[in-house]
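For the sequence shown, the UniProt record's numbering gives the first residue as 1, with consecutive numbering after it.
A virtual CB, placed ideally from N, CA and C, is assigned to each residue, including glycine.
Note that this is a predicted model, so its numbers are computed, not measured.
For reference, the structure discussed in these notes is given below.
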Amino acid sequence: MEGIKAAVCQLKVVEDKSANIKKASEMIAGAAGNGARLVVLPEMFNCPYQAPLFPLYAETFPEGETFKMLSAAARESKVYLAGGSLPERDGERVYNTSFIFGPDGNLLGRHRKVHLFDVELPGGITVKESSTLGAGERITVVPTEFGPLGVAICYDIRFPELIRLMALKGAKIIVVPAAFNMTTGPAHWDLVFRMRAVDNQLFVIAASPARDVNAGYVAFGHSIMVDPWGEVLARAGHGEEVLTGELELARIEKIRRELPLTAHRRTDLYQLRELADVPGDQV
């Protein structure tokens with residue numbers, strides 16, 4: 001496959017879970033109707049991004065209403081669906097997890113956010129995800145008909161080792177549900193996503209919730225698609241919209257051939273390796 005049309009559903013998240021699920025379903029159908037084969041939802045798309053609320057909205061796979069919608073939407077629209085992220089309950093633990101479904105509605109894999117966002121930022125923004133969430137323990141790359149798809153969640157993108165390991169596992173596209181805020185967004189949103197694309201010579205898709213200035217946590221918006229040369233293919237505004245872009249996959253090999261970064265790595269001086277698998281994060 002030489003190219004694929006991708007879409008981000010940048011929806012406005014409200015307190016009503018059912019309303020969020022319904023809106024996401026409608027936007028997925030709209031994206032597919034416009035030709036998208038890969039659809040990406042935002043981080044914590046079915047609940048407000050506030051750590052104390054995550055356990056209240058958490059669902060256990062596969063019984064939860066959000067999971068049922070994601071599977072049905074992928075199957076009905078015949079798309080690869082990176083279901084943003086949502087609070088996933090597993091026993092006594094809750095995780096910030098992205099579930100990825102294939103066009104047949106079957107689960108391809110899941111990514112539990114590896115790096116928890118525990119910060120005190122300028123402007124009085126304090127977030128402590130670890131107060132209610134556990135951390136994932138796996139690097140996530142799932143198979144698709146257009147090549148391996150890497151999945152990270154928000155803060156994960158700031159750790160280049162994680163994304164490089166996805167690239168070494170063959171990832172051609174990295175999808176990143178992400179809810180940067182009004183401090184980190186203006187400062188770093190374009191910068192980090194463009195640099196991870198350039199570092200690894202692959203496509204990066206970042207999916208943000210739409211901005212709601214009345215929310216307890218205000219997302220930056222501006223979902224973005226970046227090509228392997230670091231060029232911005234498509235960028236959303238801060239409101240609710242479906243963003244689409246064409247990913248020319250042949251561009252990856254062309255750029256890697258002309259600027260062979262991976263081949264020039266000095267693995268005699270440094271190495272990057274994945275530790276032994278820890279059970280529990282994948283299908």
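Pop quiz: E129 and F117 are said to be a contact at Cβ under 8 Å. What is the actual Cβ separation, rounded to whole angstroms? Within the sequence shown, residue 129 is the residue found at index 129, counting from 1. Within the sequence shown, residue 117 is the residue found at index 117, counting from 1. Going by Cβ atoms, the distance from E129 to F117 rounds to 5 Å, so yes, they are a contact pair.
DSSP on P122, reduced to helix/strand/coil? If you number the sequence shown from 1, residue 122 lands on position 122. Coil, per DSSP.
DSSP state of K23, grouped into three classes? Locating residue 23 in the sequence shown gives position 23, where the first residue counts as 1. In this structure, K23 counts as helix in the three-state DSSP scheme.
Less than 7 Å between the C-beta atoms of V151 and V175, yes or no? Position 151 of the sequence shown, counted from the first residue, corresponds to residue 151. Position 175 of the sequence shown, counted from the first residue, corresponds to residue 175. Their beta carbons are under 7 Å apart, which means V151 touches V175 by this criterion.
Can you name the start and end residues of the beta strand (DSSP E) that L243 belongs to? Numbered from 1 along the sequence shown, position 243 holds the residue referred to as residue 243. Segment E241 to E248, the beta strand (DSSP E) holding L243.
Neighbourhood of R112 by C-beta, 6 Å cutoff - its chain only, sequence neighbours within 5 removed: Counted from its first residue, the sequence shown places residue 112 at position 112. Y95, T97, G136 and D281.
Exposed or buried, what is T184 when buried is set at 16 or more other beta-carbons lying within 10 Å of its beta-carbon? For the purposes of this step, residue 184 is identified with residue 184 of the sequence shown, where counting begins at 1. It is buried - the Cβ of T184 has at least 16 other Cβ atoms within 10 Å.
Are the beta-carbon atoms of L86 and T66 separated by less than 7 Å? Working through the sequence shown from its first residue, we reach residue 86 at position 86. Working through the sequence shown from its first residue, we reach residue 66 at position 66. Yes. Within cutoff.
From which residue to which residue does the alpha helix (DSSP H) around E69 run? Here residue 69 is taken as the residue at index 69 of the sequence shown, counted from 1. The amino acid occupying residue 69 in the given sequence is Met; Glu does not appear at that position. Counting along the chain, the alpha helix (DSSP H) containing M69 begins and ends at E65 to S77.
Looking only at its chain, what residues have a beta carbon closer than 7 Å to the beta carbon of F101, apart from the 5 residues adjacent to it on each side? For the purposes of this step, residue 101 is taken as the residue at position 101 of the sequence shown. Excluding sequence neighbours, F101 sits near L70, S71, A74, L81, G83, L107 and L108.
Please check the pair I252 and V8, which I expect to be a contact at CB under 8 Å, by giving their CB distance rounded to whole angstroms. For the purposes of this step, residue 252 is taken as the residue at position 252 of the sequence shown. For the purposes of this step, residue 8 is taken as the residue at position 8 of the sequence shown. 20 Å between Cβ atoms; not a contact.
Can you look up A197 in the DSSP assignment and give me helix, strand or coil? Counted from its first residue, the sequence shown places residue 197 at position 197. A197: helix per DSSP, three-state reduction.
Am I right that L41 and A6 are in contact with their C-beta atoms under 8 Å? What's the rounded C-beta distance? As a working note, residue 41 is residue 41 in the sequence shown. As a working note, residue 6 is residue 6 in the sequence shown. With 8 Å as the limit, L41 and A6 do not qualify as a contact, their Cβ atoms being about 12 Å apart.
Throw me the rounded Cβ distance for the A207 and A178 pair, which I believe falls under 8 Å. For the purposes of this step, residue 207 is identified with residue 207 of the sequence shown, where counting begins at 1. For the purposes of this step, residue 178 is identified with residue 178 of the sequence shown, where counting begins at 1. That pair is a contact at about 7 Å.
Please report the straight-line C-alpha distance between F220 and G239, rounded to a whole angstrom. Here residue 220 refers to the residue found at position 220 when the sequence shown is read from its first residue. Here residue 239 refers to the residue found at position 239 when the sequence shown is read from its first residue. So the alpha carbons of these two residues sit roughly 10 Å apart.
Contact belief for P228 with Q201 at Cβ below 8 Å, rounded distance in angstroms: Working through the sequence shown from its first residue, we reach residue 228 at position 228. Working through the sequence shown from its first residue, we reach residue 201 at position 201. Indeed they touch by this definition, with Cβ atoms about 4 Å apart.
Per DSSP, which residues does M225 bridge with? Please list them. Position 225 of the sequence shown, counted from the start, is the residue given in the question as residue 225. I205 and A234, per the DSSP bridge assignment.
Buried or exposed (CB count within 10 angstroms, at least 16 for buried), T126: The count along the sequence shown starts at 1 and reaches residue 126 at position 126. By the neighbour-count rule (16 or more Cβ atoms within 10 Å), T126 is not buried but exposed.
DSSP three-state call for H264: helix, strand or coil? Translated into positions along the sequence shown, residue 264 becomes position 264. Three-state DSSP puts H264 in coil, outside helix and strand.
Can you tell me which of L233, N214 and A215 puts its alpha carbon nearest to the alpha carbon of H222? By one-based count along the sequence shown, residue 222 stands at place 222. Of L233, N214 and A215, the residue nearest in Cα terms is L233.
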